[in-house]
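Protein sequences, first through last, are from chains A and B.
The first sequence maps to residues 24 to 418 in the working numbering.
The second sequence maps to residues 16 to 242 in the working numbering.
Just so it is clear, CB atoms sit at the ideal spot from N, CA and C, and this is done for glycine as well.
For clarity, every value in this text was computed on a predicted model and none was experimentally measured.
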Amino acid sequence: MTRDLFRLALRNIGHRRLRSWLTVIGILIGTAAVVALISIGQGLQRTITGQVERIVGFNTLIISPRTQGLGQRIRVDLGRLRAVPGVKSAMALRAETAYIEGPGGKAFYNVLGYDPAMDEFTAEFNLTLASGGRMTAPGQAILGSRAARELAAQVGSNLTVDGKPFTVVGVLLQQTRQTGGFGSPGISLNDAVIVSYEDFGALYPGPELALFAIVRLQDKVVVDTVKEEVRAVLRAGGERNASIIDFEDLTQRIRSVVSGVQAFLAGIAGISILVGGIGVMNTMFMAVLERTREIGVMKAVGAKGWQVLLVYLFESGLMGLGGGALGLVFGLGAAIAATTIVSRLYQVQNPITPALSVGLIFGALLFSFVVGALSGVLPARRAAQLPPVEALRYE
Amino acid sequence: MSEVLVRLEKVTKVYRLGEVEVPALRGVDLAVERGHSLALMGRSGSGKSTLLHILGLLDRATTGRVLWDGQDVTGFRADRLAELRGRHIGFVFQTFNLVPTLTAWENVELPLVFLGVPGRERRGRAQAILEQLGLGQRLRHGPHQLSGGEQQRVAIARALAPNPDLILADEPTGNLDSASGQEILKLLSDLHRQGRTLVMVTHDAEAAQIAERVLRLRDGMIAEGAP
Ligand SMILES: Nc1ncnc2c1ncn2[C@@H]1O[C@H](COP(=O)(O)OP(=O)(O)OP(=O)(O)O)[C@@H](O)[C@H]1O
Ligand SMILES: [Mg+2]
């Protein structure tokens, strides 16, 4: 029986195809926008988390000052951190301002204490050499491009850093970005003089004050447990202002930012689906008016109020669903087109592909059906409540 | 044996048009017996259609009682009346009133849809009736593809689909040429002869002759032929 009422509704839609199409355009566009935004958002999230996972990895803790800013340092003790059970390695980046004398000039520069173990990160940060090689022994330094130019130094030149002798073994490529990826504000790699972590410790004895530290964990350890241990070690060393972030925290942050933006945009687009619902309501009111006599006939041959109601609810729900289904297709198409164009334009290394989840498909279809059906409630109730004789007399 | 199918007791009907009250029926007592046939005549506006609608449980009396098969249905809810209509009463209108978006076949199926008759049985019954009425070649035609006489036959087939006790026809030949009109009258009188109860509104004294009894309405009251 319900199926037959459903078929009646289908027939009604089929008999005014053009108007049905026009009616569902609102819902179609709304659904398309929602689907496009959400699938792009989910794809973006996946790409970013993938990237973070590749760079940082699951088994990494990043220790940095809770408040970012020039001169902010954390006090670490790499020796004690390495001794924490579950820790595979620990490294840090230190920085101080030092007086440098080179072959052709003298001035203050940032000296960085750099642990070669960090190389696995620097690849991502574009810390590439223009000439020379890496540091292999104590007393060696790598210069930023501007520092090398100003000091008139090149590979093989001798310098003094706060009076201590160093030999230049490499010069970095010119960096375009301010921080060169180290994420510490105010330090330009172009102005940097990089020495080994050990040499830096000899230059500046005393507490290890670092810009940030990275702790690698052994496989199959409970991240939270080690994290607490690390925190305890930092505390014991007098550092209370450090934040310790693991992969989970990072992806969580990314996810919350992306989904916040996404929810906002999808919410706006969702409103357009509701507006589309008003179009459906309008069409349904017109349909009920036009078919008043027909409704009278249905009642004369024994249709009950709820049966008439169902026919019209199905009809409006189907229009919603149709708009939603088309919107889904168009939305996904738009998302693929948009991400392809953006990836080409900006030559993204890891192209974003829109993610279409089962939840999104069913959610979009269900929402559009419900909006359609709800828009039909008032017109359908009017149809159901029409007194049969009056409906039959309607011209 | 003269079992009463519908009985009206002191039925009045007043239409209200804003402030104005239009009395359409002013105290009608009437009994329609099972298997009988009745023609309702009278001037335009005398209340024939109104009376037919109340007999067919399509409209409610303003005052008075309506008894269907001995049961007072005056206070029944709309859906219960619809159920009774669907099962026991078939309407035939002057303007045919076929659903334009449905085929002849589907129009005849319609009352059975609302009764919840399963699809296969429904289609079979509708087809059989249409074939009986000589419309076997017109099953899949839409109303606009049929002549007036054919449309009215489809409408009669639809009225017959639930195998009703009572057929109500409101000027069934009013929109037809005389030849098609004759056919329809013949069909209705055949139905009556096969034992169906028939109440027909007509302007045409000749048409009224197919009925056993002719009732004349004047100003909302039965003027002639009352029991
Ligand atoms: N819905 C309505 N609202 C107001 N007045 C109505 C309504 N239906 C019928 N009437 C009035 O009630 C009276 C009886 O109407 P009814 O349709 O029963 O007459 P009838 O005998 O069938 O006339 P006809 O031969 O023209 O069909 C008329 O005066 C008509 O104007
Ligand atoms: Mg009339």
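Legend entry - Interface residues of chain B facing Val412/A [CB-CB closer than 8 Å]: Contacts between Val412/A and chain B, judged by CB atoms closer than 8 Å, involve His68, Leu73, Asp74 in chain order.
Inset, instruction - Compute every distance between the C-beta of Val216/B and the non-hydrogen atoms of ligand 2, then say whether any falls below 7 Å. - result: Checking every heavy atom of ligand 2 against the Cβ of Val216/B, one is found closer than 7 Å.
Inset, instruction - For Thr78/B, go through chain A and note every residue whose CB falls closer than 7 Å to its CB, in chain order. - result: Here the premise fails: no neighbours, minimum Cβ distance about 17 Å.
Inset, instruction - Measure the CB-CB distance between Ala326/A and Ala55/A and report whether it falls below 8 Å. - result: Not closer than 8 Å, so no.
Inset, instruction - Drop a sphere of 10 angstroms on the beta-carbon of Gly203/A, count the other beta-carbons inside from all chains shown, and report buried for 16 or more, exposed for fewer. - result: Bear in mind that a pLDDT of 43 at Gly203/A, under 50, signals an unreliable position, so the number given afterwards is only what the model happens to contain. By the 10 Å Cβ count, Gly203/A comes out buried.
Legend entry - Residues that Leu317/A contacts on chain B, provided the C-beta gap is smaller than 7 Å: The question names Leu, yet the displayed sequence has Glu at residue 317/A. Within 7 Å Cβ-Cβ: Val114.
Legend entry - Neighbour list for Leu117/B in chain A, Cβ cutoff strictly below 9 Å: Result: Leu31, Arg34.
Legend entry - Contact with chain B by Leu409/A, beta-carbon distance below 8 Å: At least 8 Å separates the CB of Leu409/A from every CB of chain B.
Legend entry - Nearest-residue set for ligand 1, Cβ under 5 Å from any heavy atom: The answer, residue by residue, is Tyr30/B, Val37/B, Ala39/B, Ser59/B, Gly60/B, Ser61/B, Gly62/B, Lys63/B, Ser64/B, Thr65/B.
Inset, instruction - Could you check how far apart the C-beta atoms of Leu148/B and Leu113/B are, in whole angstroms? I think they sit under 8 Å. - result: Your pair Leu148/B and Leu113/B does not check out as a contact, with CB atoms roughly 14 Å apart and the cut at 8 Å.
Inset, instruction - Return the CA-CA distance between Leu45/A and Gly33/B, expressed in angstroms with no decimal places. - result: The alpha-carbon atoms of Leu45/A and Gly33/B are separated by roughly 38 Å.
Inset, instruction - Ignore the nearest five residues each way along the sequence and tell me which others in Gln109/B's own chain have a CB closer than 6 Å to its CB. - result: Non-local C-beta neighbours of Gln109/B in its own chain, meaning closer than 6 Å and more than five positions away in sequence, comprise Asp185, Glu186, Gly189, Asn190, ordered along the chain.
Inset, instruction - May I ask whether a heavy atom of ligand 2 can be found less than 7 Å away from the beta carbon of Asp74/B? - result: No, the beta carbon of Asp74/B sits no closer than 7 Å to any heavy atom of ligand 2.
Legend entry - Residues that Phe131/A bridges to, as DSSP identifies them: DSSP lists Tyr122/A as partners of Phe131/A.
Legend entry - Below-8 Å beta-carbon distance, Ala419/A vs any chain B residue: As displayed, chain A neither begins before 24 nor continues past 418, which places residue 419/A out of reach and without an answer.
Inset, instruction - Tell me, please, whether the CB atom of Phe106/B is closer than 8 Å to any CB atom in chain A? - result: Output row for Phe106/B: interface = yes.
Legend entry - Segment contact, 8 Å Cβ cut-off, at least three pairs: the segment 55 to 70 of chain B with the segment 223 to 237 of chain B: The segment 55 to 70 of chain B vs the segment 223 to 237 of chain B: in contact.
Inset, instruction - Check whether the Cβ atoms of Leu96/B and Val88/B lie closer than 8 Å to each other. - result: Taking 8 Å as the Cβ cut-off, Leu96/B and Val88/B qualify as a contacting pair.
Legend entry - Proximity test, Asp219/B beta-carbon vs ligand 2 heavy atom, cut-off 7 Å: For Asp219/B, the shortest C-beta to heavy atom distance toward ligand 2 is 7 Å or greater.
Inset, instruction - Taking only beta-carbon positions, decide if Pro38/B is within less than 8 Å of chain A. - result: The beta carbon of Pro38/B does not come within 8 Å of any beta carbon belonging to chain A, so the residue lies off that interface.
Legend entry - Presumed contact (8 Å Cβ cut-off) between Gly382/A and Ile52/A, rounded CB distance: Contact flag wrong, Cβ pair sits at about 21 Å.
Legend entry - Short CB-CB distance (under 8 Å) between Phe129/B and chain A: When Cβ-Cβ separations below 8 Å define contact, Phe129/B makes contact with chain A.
Inset, instruction - Measure from the alpha carbon of Pro179/B to the alpha carbon of each residue in Ala220/B, Leu213/B, Ala39/B, Glu121/B, then state which is nearest. - result: Ranking the options by Cα distance to Pro179/B, first place goes to Leu213/B.
Legend entry - Spatial distance of Leu127/B from Ile61/A (CA atoms): Their Cα atoms are separated by approximately 47 Å.
Inset, instruction - Answer with yes or no whether the minimum CB distance from Asp180/B to chain A is below 8 Å. - result: No, because no Cβ of chain A sits closer than 8 Å to the Cβ of Asp180/B.
Legend entry - Heavy atom of ligand 2 within 7 Å of Asp234/B beta-carbon: Flag unset: Cβ of Asp234/B not near ligand 2.
Legend entry - Nonlocal neighbours in the same chain, by C-beta distance under 6 Å from Val29/B, ignoring five residues either side: Cβ neighbours of Val29/B beyond the five flanking positions: Glu36, Pro38, Thr77.
Legend entry - According to DSSP, residues forming a beta bridge with Ile86/A: Ile86/A pairs with Ala236/A, Ile267/A.
Legend entry - Ala406/A versus Thr118/B - alpha carbon distance: Spanning the alpha carbons of Ala406/A and Thr118/B requires a straight line of approximately 22 Å.
Inset, instruction - Look up Glu165/B in the DSSP assignment and say whether it is helix, strand or coil. - result: Helix, per DSSP.
Inset, instruction - Give me the Cα-Cα distance between Ala396/A and Val298/A, rounded to the nearest whole angstrom. - result: Cα-Cα distance, rounded: 14 Å.
Legend entry - Positions along the segment 187 to 203 of chain B whose CB lies within less than 7 Å of some CB in chain A: Cβ contacts with chain A come from no residue of the segment 187 to 203 of chain B.
Legend entry - Reduced DSSP secondary structure (H/G/I, E/B, other) of Asp44/B: Correct three-state label for Asp44/B: strand.
Legend entry - Helix, strand or coil at Arg254/A according to DSSP, with G and I counted as helix: Residue state, collapsed to three classes: helix.
Legend entry - Proximity winner among Val107/A, Ser211/A, Gln65/A, relative to Asn133/A (alpha-carbon distances): For the residues Val107/A, Ser211/A, Gln65/A, the minimum Cα distance to Asn133/A belongs to Ser211/A.
Legend entry - Spatial distance of Gly300/A from Thr306/A (CA atoms): Cα to Cα, the separation comes out at about 10 Å.
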